[in-house]
Structure formats: C-alpha cells, structure tokens
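What follows is a set of notes on a single structure, which appears directly below.
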Amino acid sequence: MAHRHWLLDLIPRLGLEVIREPDVDPTSGLDEVWGAVSASCQVPAEELAQRLAQHFRLMVARLDTADARAQALLPESLARRYQVFPLRETDRQLVVATANPTDLDAEQAVGFASGRTPVLEIAPPQAIKRAIDIHYAPDRVVERLLDRVGAELASEVRVVDEQSPEVVAARELESAPVVKLTGVILTDAVRARASDIHLEPGRDGGLVRFRIDGVLRTHMNLPMPALNRVVSRIKVMGKMDIADRLRPQDGRTRIQADGRTLDLRISTVPTRDAEKAVIRLLDPGNSKTLADLAIPAHELERFQRLLLHRDGIVVVTGPTGSGKTTTLYAALRQVATGEVNVMTVEDPVEYELPGMTQIQVEPRRGVTFASALRSILRQDPNVIFIGEIRDLETAEIAVQAALTGHLVLATIHANDAVGAIARFTDLGLDHAKISSTLRGALAQRLLRRVCERCAVAVEGTLRPAEQALADRYGVRPAKRAVGCPACGQSGYRGRVPIIEVMVVGPWLEPKVRAGSPAAELQKAAVGGGMRPLRDVALERVRSGETTLEEVERVLGGAESVPASSAAAHVLVVDDDAVTRAIARGVLEKAGYRVSESADGIEALERLREGHDFALMVLDVEMPRLGGAEVLDRIRRSVMTAGLPVIVLTGSTAETTEVDMMERGADDYVRKPLDSVRFVARVRAALRRAGG
76 MAHRHWLLDL IPRLGLEVIR EPDVDPTSGL DEVWGAVSAS CQVPAEELAQ RLAQHFRLMV
136 ARLDTADARA QALLPESLAR RYQVFPLRET DRQLVVATAN PTDLDAEQAV GFASGRTPVL
196 EIAPPQAIKR AIDIHYAPDR VVERLLDRVG AELASEVRVV DEQSPEVVAA RELESAPVVK
256 LTGVILTDAV RARASDIHLE PGRDGGLVRF RIDGVLRTHM NLPMPALNRV VSRIKVMGKM
316 DIADRLRPQD GRTRIQADGR TLDLRISTVP TRDAEKAVIR LLDPGNSKTL ADLAIPAHEL
376 ERFQRLLLHR DGIVVVTGPT GSGKTTTLYA ALRQVATGEV NVMTVEDPVE YELPGMTQIQ
436 VEPRRGVTFA SALRSILRQD PNVIFIGEIR DLETAEIAVQ AALTGHLVLA TIHANDAVGA
496 IARFTDLGLD HAKISSTLRG ALAQRLLRRV CERCAVAVEG TLRPAEQALA DRYGVRPAKR
556 AVGCPACGQS GYRGRVPIIE VMVVGPWLEP KVRAGSPAAE LQKAAVGGGM RPLRDVALER
616 VRSGETTLEE VERVLGGAES VPASSAAAHV LVVDDDAVTR AIARGVLEKA GYRVSESADG
676 IEALERLREG HDFALMVLDV EMPRLGGAEV LDRIRRSVMT AGLPVIVLTG STAETTEVDM
736 MERGADDYVR KPLDSVRFVA RVRAALRRAG G
C-alpha cells in the first residue's frame with residue numbers, strides 16, 4: 076500500500092482549511108503535490124511556503140537575492156535532481172532553497188558537493204525550477220568563462236564549407252557564447268601552429284590540448300558543461316548528429332580563422348559520461364614540394380631516383396603522424412608534370428592538388444580502396460597513389476597495376492623500410508610478386524627542431540642526463556633546448572624529417588624472393604646504400620638541429636617524459652613553507668599529486684609550461700606578486716580561465732573573501748588549515764569542475 080505524501084499529512088498542522096480533498100497520485104512529483112494542496116486549500120504557493128517555513132522553523136527563501144558565488148558551489152545536475160537552489164554561502168555553510176525540507180538525501184548531496192554544511196530555506200518548487208533555468212542556463216557557464224578572458228579573445232571563426240576562399244563574404248560574428256568559445260579555441264590552435272586539437276572529458280573537468288610539433292600540450296581547462304557544449308558545436312560544424320552520443324562519428328568542414336582558410340577533419344568517440352573530440356587542422360594551400368621538406372641530400376637523391384620508375388611499387392612507412400602523406404603529396408607534385416595521368420584513392424583527401432584526379436573513399440557508397448583501384452585501371456593512369464594498403468585485395472590490385480606498367484605510390488604501416496616487405500607478406504602476397512614489383516621503401520619519423528631563439532651551444536661538461544644519452548648513442552650533442560615564449564617553453568619549434576630509403580636492386584631482390592629473415596634484408600639494404608633512421612637522426616644531432624633527448628623520445632625504447640599519473644595534480648602556491656608542507660601532506664594522503672610554488676611569479680611560470688594541473692590552492696598575501704593579481708592573470712588567460720582555484724586566507728574580513736570570489740575564485744579556506752575541511756573543499760571543487 077502506497078504511503079501518503081508528507082505534505083498531505085501536514086495540512087492540518089499548517090492550519091489550512093481543505094475546501095476539497097486534493098486528488099494526488101502516490102507517484103506524483105513534488106510540484107504536482109504543491110499545486111494540488113494549494114488548489115484544494117485555496118492558498119497561493121507563496122503562502123504555503125510561509126506556513127511550511129513556520130512549521131519547520133526555517134526561513135522563507137528570497138530567490139531574487141541569490142549570490143552567484145553560491146551557485147558556483149553546486150552543479151546544475153545536482154540542483155535539478157534534488158530541486159534545490161543555492162542562495163548564499165559562508166566559510167562553513169551553504170544556504171539552499173528547497174520545497175521539501177524532509178529530503179535527507181538532498182541535504183547530504185548538497186553537503187558532499189559543496190564541502191559545507193547545508194542550511195535550508197523554503198520556496199515553492201515552480202519558483203525553484205525557474206531560478207535553476209535562469210541561473211544555470213547552459214550558455215551561462217560559457218558566458219562566465221568568456222567574461223573572465225575578455226571579449227577581445229573571442230576571435231571570428233567562420234564556417235566556409237563548400238565555398239572557395241575567394242568568394243567568402245565578411246559576416247558578423249555570431250553572438251552565442253559557445254560559438255565564441257569555440258572560436259577562441261580554434262583561433263588559438265591556428266596561432267600556435269597546432270596540427271590537432273584534443274577535447275578530452277575527465278573526472279575532474281575537461282581538458283583542451285594542442286598537438287604542436289608532434290607533442291600534446293595542455294592549452295586550457297574547461298568545466299564539463301562548457302566542454303560538452305564546445306564538442307556539440309564542433310559536431311554541428313562538421314554536419315554530425317549531435318543527438319547521437321553513443322557511437323563514433325566522423326565529419327569535416329572548412330573554416331576561416333586568423334586570416335587563414337583551413338579544413339577541419341573531426342572525429343568523436345563516446346567515453347563513459349561524455350564524448351571526446353579530435354580535430355585535425357589542414358591547410359589546403361600548404362602542400363609542399365620535396366625541396367621544402369628539408370630531407371637530407373643523400374636520402375632525397377635516392378627517393379627521387381625511385382620516382383623515375385615508370386612501373387612498380389614505392390611505399391612510405393611509419394606510424395601515424397610521422398609525415399608519410401606529406402612526403403607522398405610532395406612526390407606527387409614532382410611527378411605530376413602535366414604529361415602523365417596521376418590518379419589517387421585516399422581516405423580522406425587531405426590536400427587538393429592540381430593536375431591530378433583524387434578519389435575519396437566512401438564505404439557507405441561502395442567506394443573502397445579496392446573498388447576505386449579497379450575503376451582507376453580503366454582510366455589509363457600513369458601514376459597511382461593509394462592512401463593506404465591495408466588488406467590483401469588492395470595489395471593484389473596494386474601488384475596487378477605495377478605489373479601492367481603503372482607506378483604505384485602508397486603508404487603502409489611498418490616500423491622501418493625493410494619492414495614493408497614483412498608487412499606485404501603478412502597481408503598474403505607471395506615473395507615472388509613482392510620481389511618483382513617492389514622498387515623501394517621509405518621509412519620516416521619527425522624530430523622536433525631546437526628553437527633558434529633560445530637554444531644554446533653545449534660547452535664544457537655535459538649534464539648527467541645528457542652524458543647518459545651521449546654514452547648510449549656515441550654522439551656529443553651540439554645544442555641544448557632551453558625554452559622561451561616563442562616556443563611555448565618547450566625548447567623546440569618546428570620539425571625536421573629523418574628518413575631511410577631502401578632501394579630494391581640486385582643486392583636485395585634475391586633475398587626478398589627467397590624470404591630471407593629481416594636481419595639479412597636489413598644488412599643487404601644497408602649494403603645497397605641505405606642509411607638507417609638512427610644514423611640520419613644522429614647526424615641531425617651533430618649539426619645542432621635537434622637533441623639526443625628528442626632522438627630518444629622518437630626512436631628510443633622509452634619516452635623521455637614519464638607518463639602522468641591518473642591522480643589529480645594540485646599546485647599549492649604559498650610563500651610560507653610550513654603551510655605548503657602541511658597542504659602537501661594532507662593532499663598526498665588523500666591521493667592527490669602535489670607541486671609547490673613559493674610565490675605568484677613562480678606559479679604563473681609553471682602554468683605557462685603546460686603542466687597538467689587540475690586545481691590551484693592560492694595564498695592571498697605573497698611577496699613579488701599577490702594572490703589577487705595571480706588570480707586576475709589566471710582568469711584573463713584562455714589557457715587557465717577554467718582552472719579551479721581555492722584561495723587560502725588568514726583574514727577574517729568578509730571583504731577579502733568577497734573580493735577573491737568576485738575575481739573568479741571557486742572557493743576559499745581559512746588558515747590555519749583544517750585537514751578534513753580542506754580536503755572536502757578540494758574534492759568538492761574538482762567535482763564541480765567535472766560537471
């Protein structure tokens with residue numbers, strides 16, 4: 076038997092006269108019950124709230140005086156779930172409006188999320204719902220973020236898909252906050268020379284990372300509501316289904332940003348609670364020639380000799396992001412002289428090149444690598460480019476084309492040039508076909524070039540880490556990466572290729588036909604003039620173009636930078652070493668990673684270096700640069716505008732707390748630190764950042 080609603084049982088105690096018995100279903104929601112009681116007793120909802128407040132000895136909530144600082148302590152999802160609305164906050168308490176003061180679950184959830192003791196006030200449920208709709212509108216999260224960094228950063232990004240750059244007319248900037256924030260991210264990526272943008276949801280909030288010179292760098296933290304809105308905006312731009320969050324999707328579009336026209340290749344995948352998006356930025360006018368790629372002279376001469384063949388297969392190998400397609404596009408520009416018919420099959424077509432026919436793979440329309448190749452062979456081609464040989468059917472058609480007088484250029488996934496032979500064998504080709512059609516293979520990697528502005532010559536005694544690498548590789552480095560604003564403090568700016576070119580000749584062909592082991596093939600290839608990747612890389616080190624650390628990162632057995640821990644990373648900024656030590660001990664005991672800065676200038680430098688900080692604990696009173704100025708700079712920078720900040724203050728003056736909260740602090744904690752309350756505030760701030 077269903078229980079009567081608690082509000083119905085209270086009608087006699089509230090001194091209300093029932094005109095007609097309320098018709099309420101046991102499963103009715105709180106707003107329906109309030110409406111039924113109000114109608115049956117013929118009292119407005121506001122009077123019912125006053126009588127309930129008197130009965131429970133609580134205050135009546137004034138929703139029109141709600142403080143935005145209190146709303147920052149309670150996520151929208153929780154407010155809607157429990158129908159509560161935050162009104163005011165103090166160092167220890169959070170005052171919330173509720174229409175159900177008997178809901179203990181709601182009270183516990185508010186305390187858990189805010190790190191404060193809940194204090195209840197009464198308001199009608201419809202009034203609470205209106206307040207939530209007004210103050211928690213999704214765009215308001217983004218608006219607050221844009222307000223921090225300033226409207227001047229909301230650069231214009233226009234979608235110009237299906238239009239040529241020269242016919243795009245100027246348009247007014249769209250005013251929706253999420254469009255502006257998306258524009259900020261895209262424009263910053265263009266200015267930073269990023270090849271990819273990663274929009275990553277996480278437990279402690281969202282992360283925007285740029286891949287610059289092949290390495291991911293953290294660009295900014297975002298609250299999860301803001302990140303979700305940006306991902307949805309990107310999906311709209313890419314003509315993807317924003318309602319479908321459960322399946323991977325791909326899209327593309329063309330934009331104008333920072334005076335440049337770029338193609339965006341978009342990929343989304345579902346995560347546990349959200350979606351991750353990766354955006355590849357492609358400049359359609361940036362296809363290079365072989366002379367532009369800074370290929371070493373020895374390797375360039377050997378590769379150009381391979382391109383002189385009029386039949387056979389030439390492949391480029393390497394992992395994703397190693398520049399295979401860029402090198403092959405440059406090769407295509409060299410062979411597309413106007414006297415030959417060049418046709419390509421790609422997935423996707425990254426650059427549109429003049430003088431050739433490019434076919435986009437579309438499996439849903441029946442256009443695969445294999446089916447397109449069959450059609451191409453009837454189009455009288457001289458040179459065929461295959462975006463990737465990934466199955467036996469495609470490989471066999473490529474061999475057929477090579478045997479019938481066509482030069483086939485392709486990419487294939489293998490670790491080195493000799494590995495291409497084993498890869499063809501794995502796909503199912505026999506050794507005789509491989510030996511008779513394969514003309515050569517090129518393996519490629521990209522090394523970051525030391526920044527010309529800050530790199531210094533290595534003189535005198537090497538540092539211990541440098542000496543260890545010098546002993547391992549047998550080479551003394553000529554330059555040392557330092558770091559400056561021009562290179563984003565990384566010490567590197569731009570990349571140079573390292574390439575090995577295997578040419579199949581009389582020294583190698585019999586061994587390929589016989590199915591010789593990889594070691595024998597490698598020895599024969601070197602005997603035929605191939606310089607291994609490692610040798611080419613070390614030559615770059617001797618010339619001062621790169622460093623041994625970079626060679627170790629790309630070619631070595633382990634990354635030079637350790638993988639980051641899954642635990643949230645907290646930066647504690649305080650000039651008092653004792654306070655820093657206490658905070659570190661408390662946070663590390665709670666499972667967090669902790670870094671320290673002794674003043675505001677040092678803290679800002681660490682943030683510029685792009686560490687994966689999930690939260691900052693910031694003292695107010697510090698020498699050199701105080702907490703207020705540090706907070707202002709954090710909130711003005713798009714990289715750190717979304718970083719949660721908890722202020723440490725020894726002041727009991729309410730004006731200090733109000734000032735720091737209005738500057739953008741997410742919470743504050745009084746000194747001396749109470750370990751339980753401190754950890755609760757940190758956890759609550761991270762939960763709010765996570766959405």
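The numbering of the sequence shown is this note's numbering, which starts it at 76 and goes up by one. We put the CB at the ideal spot given by N, CA and C, even for glycine.
Under the three-state reduction of DSSP, Pro581 is assigned to coil, being neither helix nor strand.
DSSP, read as helix, strand or coil, puts Met691 in strand. A distance below 6 Å between beta-carbons, with the five flanking residues on each side excluded, links Leu682 to the following residues of its chain, in chain order: Thr715. For Asp348, no beta strand (DSSP E) encloses it, and the DSSP letter there is neither H nor E. If only uninterrupted alpha helix (DSSP H) runs of at least 4 residues are considered, those enclosed by the segment 501-562 are 506-512, 539-548.
At a cut-off of 3 residues, the continuous stretches assigned as beta strand (DSSP E) that sit fully inside the segment 596-669 are 644-648. Comparing C-alpha distances from Ala114 to each of Asp98, Ser103, Gly104 shows the shortest one belongs to Asp98. Here DSSP, grouped into helix, strand and coil, assigns Gly393 to coil. Looking at the DSSP output, Ile197 shares a beta bridge with Val135, Thr173. Around the beta carbon of Phe160, a 10 Å sphere encloses 16 or more other beta carbons of the protein chains shown; the residue is thus reported as buried. Looking at the backbone, the Cα of Glu684 and that of Glu677 are separated by about 11 Å.
With contacts defined by Cβ atoms closer than 8 Å, Phe753 and Val661 form a contacting pair.
Glu575 places its beta carbon 8 Å or farther from that of Ala485.
Apart from the 5 residues on each side of it in sequence, Leu91 sits with its Cβ closer than 6 Å to the Cβ of Cys116 in its chain, given in chain order.
Between the alpha carbons of Val283 and Val695 lies a distance of about 28 Å.
Boundaries of the alpha helix (DSSP H) around Met735: 729-737.
Of the residues assessed, Val93 falls on the exposed side of the cut-off, its CB having fewer than 16 other CB atoms within 10 angstroms. Less than 8 Å divides the Cβ of Thr173 from the Cβ of Ala181. Excluding its 5 nearest sequence neighbours in each direction, Leu381 has C-beta neighbours in its own chain below 7 Å: Val389, Arg514, Gly515, Val578, listed in chain order. Within 10 angstroms of the beta-carbon of Ala447 lie 16 or more other beta-carbons, which makes it buried. In chain order, Val647, Asp649, Glu671 place their CB closer than 6 Å to the CB of Arg655, counting only its own chain and leaving out the 5 sequence neighbours on each side.
Taking one beta carbon from each stretch, the segment 521-529 and the segment 278-297 have 3 or more pairs nearer than 8 Å; the two touch. Runs of alpha helix (DSSP H) with 4 or more residues, each lying fully within the segment 375-421, are found at 399-410, listed in chain order. Looking only at Leu85, Leu693, Gly334, Arg617, the smallest Cα-Cα distance to Ala658 is reached by Leu693. A straight line joining the alpha-carbon of Val234 with that of Ile330 spans about 4 Å.
With respect to the C-alpha of Arg568, the residue from Glu625, Thr512, His488, Arg551 having the closest C-alpha is Glu625. In this structure, DSSP gives Asn303 a helical state, which the three-state scheme calls helix. Using a Cβ distance threshold of 8 Å, Leu195 and Val171 count as a contacting pair. Taking each of Ala154, Leu89, Asp491 in turn and checking the Cα distance to Glu122, the smallest one comes out for Leu89. By alpha-carbon distance to Gln158, the top candidate from Ala147, Arg167, Ala206, Asp142 is Ala206. Distance check between Asp84 and each of Pro119, Val118, Ala120, Leu127 places Leu127 closest, using alpha-carbon atoms only. Secondary structure note for Gly326: its beta strand (DSSP E) is the uninterrupted segment 324-332. In the displayed model, Leu89 falls within a helix according to three-state DSSP.
Shown here, Thr486 sits in a strand according to DSSP, grouped into three states.
Beyond the five residues adjoining it in sequence on each side, Leu537 comes within less than 7 Å, by CB distance, of Ala545 in the same chain, given in chain order. Around the beta carbon of Gly387, 16 or more other beta carbons sit within 10 angstroms, so the residue counts as buried.
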